[in-house]
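A.B. asks: Positions in the sequence shown are counted from 1; adding 2 to them yields our numbering.
Questions regarding the structure given below will be posed in turn.
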Amino acid sequence: MKNVKVLLRESVDDLGEIGDVIQVAPGFARNYLFPFKKAIEATPENVKMMDRKRQRHLADVAARESEITAKLEALGQVKVVAKEKADGSGSLYGSVGAARIAELLTAAGHPTNEKDVRLDEPIKSLGTHEVPIHVFGEHYAGIQIVVEADATA
3 MKNVKVLLRE SVDDLGEIGD VIQVAPGFAR NYLFPFKKAI EATPENVKMM DRKRQRHLAD
63 VAARESEITA KLEALGQVKV VAKEKADGSG SLYGSVGAAR IAELLTAAGH PTNEKDVRLD
123 EPIKSLGTHE VPIHVFGEHY AGIQIVVEAD ATA
């Protein structure tokens with residue numbers, strides 16, 4: 003059976019981006035792409051209409067990328083200090099976890115959710131530690147956490 007040309011209304015993994023004209027099996031178009039409004043027939047009018055939507059989509063992607071880049075650069079310069087109770091050998095009595103790091107970042111003017119702090123395990127020693135922060139998609143920024151002994155301990 004002959005493949006049909008369809009115009010993607012949204013980006014579909016392993017097929018293409020919004021506005022791409024692709025060839026697929028008729029059953030795939032009829033049973034999946036058309037019912038879920040992921041594609042429409044590739045008529046000249048539809049291609050013209052989708053080209054405008056694609057331009058808006060590309061502008062949105064570019065704006066998001068610049069926003070992500072700015073946030074990565076800003077977070078890359080961040081160094082926060084956590085004062086915690088510790089013993090004489092430099093081990094903390096407690097630990098510095100994701101919630102505490104998110105709290106320190108928010109206080110430093112970089113609002114961050116606890117789920118975006120990617121710690122393998124809580125920090126349990128004094129010193130400087132590199133902590134990855136999830137920004138968007140596959141983008142991560144590394145921040146510096148300096149854990150100091152609390153003088154009141």
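Each residue gets a CB set at the ideal place from its N, CA and C atoms; glycine is no exception.
1. With burial defined as no fewer than 16 other Cβ atoms inside 10 Å of the residue's Cβ, what is the status of residue 104: buried or exposed?
2. Quick one: any contact between the stretch 141–153 and the stretch 113–133, if contact means 3 or more CB pairs under 8 Å?
3. Would residue 44 and residue 26 qualify as a contact pair, given that the criterion is a beta-carbon distance under 8 Å?
4. Which stretch, first to last residue, makes up the beta strand (DSSP E) that contains residue 145?
5. For residue 39, which of helix, strand or coil comes out of DSSP?
6. Would you report the Cα separation of residue 150 and residue 84, rounded to the nearest angstrom?
7. Closer than 7 Å by C-beta to residue 119: which residues in its own chain qualify, once you throw out the five before and the five after it? Chain order, please.
8. Looking at residue 42 and residue 48, is the spacing between their C-beta atoms short of 8 Å?
9. When the Cα of residue 114 is compared with those of 60, 13, 76, which residue comes out closest?
10. At the level of alpha carbons, what is the spacing between residue 13 and residue 56?
11. With a threshold of 7 Å on Cβ separation, who are the neighbours of residue 106 within its own chain once the five nearest residues in sequence on each side are excluded?
C.D. replies: Quick look at the numbers:
1. Here residue 104 corresponds to residue number 102 of the sequence shown, with the count starting at 1. Buried: at least 16 other Cβ atoms inside 10 Å.
2. Yes, the stretch 141–153 touches the stretch 113–133.
3. For this step, residue 44 is matched to residue 42 along the sequence shown. For this step, residue 26 is matched to residue 24 along the sequence shown. Not in contact: residue 44 and residue 26 (Cβ atoms no closer than 8 Å).
4. The residue given as residue 145 occupies position 143 in the sequence shown. Following the DSSP letters along the chain, one finds residue 145 inside the beta strand (DSSP E) bounded by residues 141–151.
5. Within the sequence shown, the letter at position 37 stands for residue 39. For residue 39, the secondary structure class from DSSP, reduced to helix, strand or coil, is coil.
6. Position 148 of the sequence shown, counted from the start, is the residue given in the question as residue 150. Position 82 of the sequence shown, counted from the start, is the residue given in the question as residue 84. Spanning the two alpha carbons is a distance of roughly 6 Å.
7. One-based indexing of the sequence shown puts residue 119 at position 117. Its chain contains 100, 103, 104, 133, 135 as the residues whose beta carbon lies nearer than 7 Å to that of residue 119, once the 5 sequence neighbours on both sides are disregarded; these appear in chain order.
8. Counted from its first residue, the sequence shown places residue 48 at position 46. Counted from its first residue, the sequence shown places residue 42 at position 40. Result yes, Cβ atoms of residue 48 and residue 42 sit closer than 8 Å.
9. Here residue 114 refers to the residue found at position 112 of the sequence shown. The residue with the shortest Cα to Cα distance from residue 114 is 76.
10. As a position in the sequence shown, residue 13 is number 11, starting the count at 1. As a position in the sequence shown, residue 56 is number 54, starting the count at 1. So the alpha carbons of these two residues sit roughly 10 Å apart.
11. As a working mapping, residue 106 is identified with position 104 in the sequence shown. Answer for residue 106: 82, 84, listed in chain order.
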